[in-house]
Amino acid sequence: IICVAVGEHGEKGTEDISNITKILALVIDVDVKKARKINYVSSSTDHYHAISVAKVQVSRELSKMGFKVGMINDSGNGAHVYVKVSIELPKDINKENWKQSEIWKKLATLENSIRNSLKDQNDSIVSIDFITKDCCRRIKTPGTINKKDVRQAEDRLCRIIYDASYKKLQKH
6 IICVAVGEHG EKGTEDISNI TKILALVIDV DVKKARKINY VSSSTDHYHA
56 ISVAKVQVSR ELSKMGFKVG MINDSGNGAH VYVKVSIELP KDINKENWKQ
106 SEIWKKLATL ENSIRNSLKD QNDSIVSIDF ITKDCCRRIK TPGTINKKDV
156 RQAEDRLCRI IYDASYKKLQ KH
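Residue numbering for the sequence shown is 6 to 177, as defined by the working numbering.
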């Protein structure tokens with residue numbers, strides 16, 4: 006799960022969890038497994054399967070835990086599921102105690118719930134990318150192709166396929 010957060014600017018070299026004051030969004034990156042891609046690009050069938058998993062399974066797991074999906078993007082090789090949150094972080098959070106915090110435990114429970122739902126379905130096509138520190142490498146702006154995906158065709162540009170404010174899901 007990628008956390009989009011607001012923080013206070015620390016001194017150079019001190020950008021860490023202790024400078025973060027609030028988490029504003031969670032982004033779940035549903036992607037076709039690397040072994041199934043050719044030159045970073047998934048087949049159309051696998052690509053649409055990943056989008057379906059995001060729309061159905063990931064959204065259902067988020068809903069079960071009380072989260073509301075705000076937007077789903079077709080990332081070009083899978084999907085990004087966005088959840089708007091407003092989670093204040095305690096001032097005493099730091100690198101040493103972050104993984105013992107209640108917020109970490111709730112995020113880990115959510116992550117495990119999503120991961121287990123894929124295992125329960127025996128899904129051999131997609132995975133959820135939970136381990137990332139570089140959200141700019143993962144999250145794509147609609148209308149663009151990520152630099153690592155330069156071989157993607159124009160029909161694989163990132164695009165919004167669901168926006169809760171419009172209350173409709175676009176067909177694929």
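Glycine is no exception: its CB is placed at the ideal position from the N, C-alpha and C atoms.
Per DSSP, the beta bridge partners of ARG164 are ASP79. Where LEU115 is concerned, the enclosing alpha helix (DSSP H) starts and stops at 107-125. DSSP lists no bridge partner for TYR45. By the Cβ test, the segment 37-54 is not in contact with the segment 93-110, since fewer than three Cβ pairs between them sit closer than 8 angstroms. Residue nearest to LYS89 within the set VAL74, VAL63, ASN78, SER118 is VAL74 (criterion: CA-CA distance). Secondary structure of LEU67 (DSSP, three-state): helix. Within the model, the alpha-carbon separation for GLY148 versus ILE165 is close to 9 angstroms.
In the structure shown, THR146 adopts coil according to DSSP, grouped into three states. The beta carbon of GLU66 sits closer than 6 angstroms to those of SER118, ILE119, SER122, all from its chain and outside the five residues before and after it, given in chain order. By the CB criterion at 8 angstroms, VAL63 and VAL35 fall inside the cutoff.
Counting the other Cβ atoms within 10 Å of the Cβ of LEU29 gives fewer than 16, which makes it exposed.
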